[in-house]
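A.B. asks: Sequential numbering of the sequence shown, starting at 25, is according to our numbering.
Even for Gly, the Cβ is constructed at its ideal location relative to N, Cα and C.
Please read all numbers here as calculations on a predicted model, not as lab measurements.
Shown below is the structure under consideration.
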Amino acid sequence: MRSVTILAGRGKDGRPEPFDSISLKRGELYTIVGNTGSGKSRFIKDIEQLACGDSITGRRVLLDGAPIPLTERQSTSAHLVAHLGQNMRFVLDASVEEFLQLHAHCRDRMAAPAEVLALANEITPEPVNLRQGLNQLSGGQSRALMIADIALICDSPIVLIDEIENAGIDKERALSLLQKKDKLVLVVTHDPHTALMARRRIVLAGGAVAAVVERTAGEAALYEALGRAYREQRRYQIQLRKGACLA
Ligand SMILES: Nc1ncnc2c1ncn2[C@@H]1O[C@H](COP(=O)(O)OP(=O)(O)OP(=O)(O)O)[C@@H](O)[C@H]1O
């Protein structure tokens, strides 16, 4: 898989989207921005489901220029796409270790549960242990575990991430783990720092893609400044969680 092409559908008002197609290339990061309710999550779900004009948006998604037959869509998606949703909860009645072993086995990967867990604990401030029940994990811990799982076990070429900054985890570390060189990564965000990570960002409005914006040189400099502010904010966050006085 080298590219994903999205053929225009329609916005919430039923009018055609103002583009013919958008081509997304493997090895690139794209961010998705827009008002709450503008259709950002729907956009990445269309990609996850390899929509073929049969979702509410009417978009069609092609892989390397070709549609995927209905009978192969589910298995192709499971193989190629890792989706980190906004609300993560496990419903499987298993320990963290059992889940990681099972998933590594299904994916035919050698990753040891302890290795995946060590990575998850780099990004969540409240550590997880192997004997913990999966359904006892908090939202942030579940997402940290899934990020480590995507990085070490799934290794899917397409990674879809919905609002990583909501989870109270180390966003920069998490994104650096998920953004391996040859992956196509799409990140939904309301955060200007995350949005400016990408050279191209896709703007949603009223359920339709309104624009695809190239990052300017000024914005690249702004991204660096926002990164410094983010790290300072994180230092305060860590102190705050320890019960310290901030000033
Ligand atoms: N083109 C469309 N036509 C009809 N309904 C749509 C379209 N795009 C999105 N929707 C619907 O609009 C609702 C909001 O969309 P979505 O959840 O994707 O918004 P969002 O931008 O991710 O919002 P938030 O930032 O609050 O998470 C959903 O019910 C979704 O199915």
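Please classify A288 as buried or exposed, where buried requires at least 16 other C-beta atoms within 10 Å of its C-beta.
C.D. replies: The first residue shown for the chain is 25 and the last is 271, placing residue 288 beyond what the model contains.
A.B. asks: Any heavy atom of ligand 1 inside 7 Å of the beta-carbon of A232?
C.D. replies: Correct: A232 has its Cβ closer than 7 Å to ligand 1.
A.B. asks: Along the alpha helix (DSSP H) that carries L141, what are the first and last residues, could you check?
C.D. replies: That run of the alpha helix (DSSP H) goes 137-147.
A.B. asks: Count the other C-beta atoms from every protein chain shown that fall within 10 angstroms of the C-beta of E187, then say buried if there are 16 or more, exposed otherwise.
C.D. replies: Buried: at least 16 other Cβ atoms inside 10 Å.
A.B. asks: Below 8 Å between beta carbons: does that hold for K64 and L264?
C.D. replies: Contact: no.
A.B. asks: Please classify D194: does DSSP put it in a helix, a strand, or coil?
C.D. replies: It is coil, neither helix nor strand.
A.B. asks: Would you report the Cα separation of P18 and D206, rounded to the nearest angstrom?
C.D. replies: Any answer about residue 18 is impossible in this case: the structure gives the chain only from 25 up to 271.
A.B. asks: If we ignore side chains and look at the alpha-carbon of each, how far apart do G251 and E243 end up?
C.D. replies: So the two alpha carbons sit approximately 12 Å from each other.
A.B. asks: Roughly how many whole angstroms lie between the Cα atoms of D70 and K36?
C.D. replies: Using only the alpha carbons, I get a separation of about 15 Å.
A.B. asks: So L246 and L220 are in contact, right, with Cβ under 8 Å, and what is the actual spacing, rounded?
C.D. replies: Right, the Cβ-Cβ distance comes to about 6 Å (below 8 Å), so this counts as a contact.
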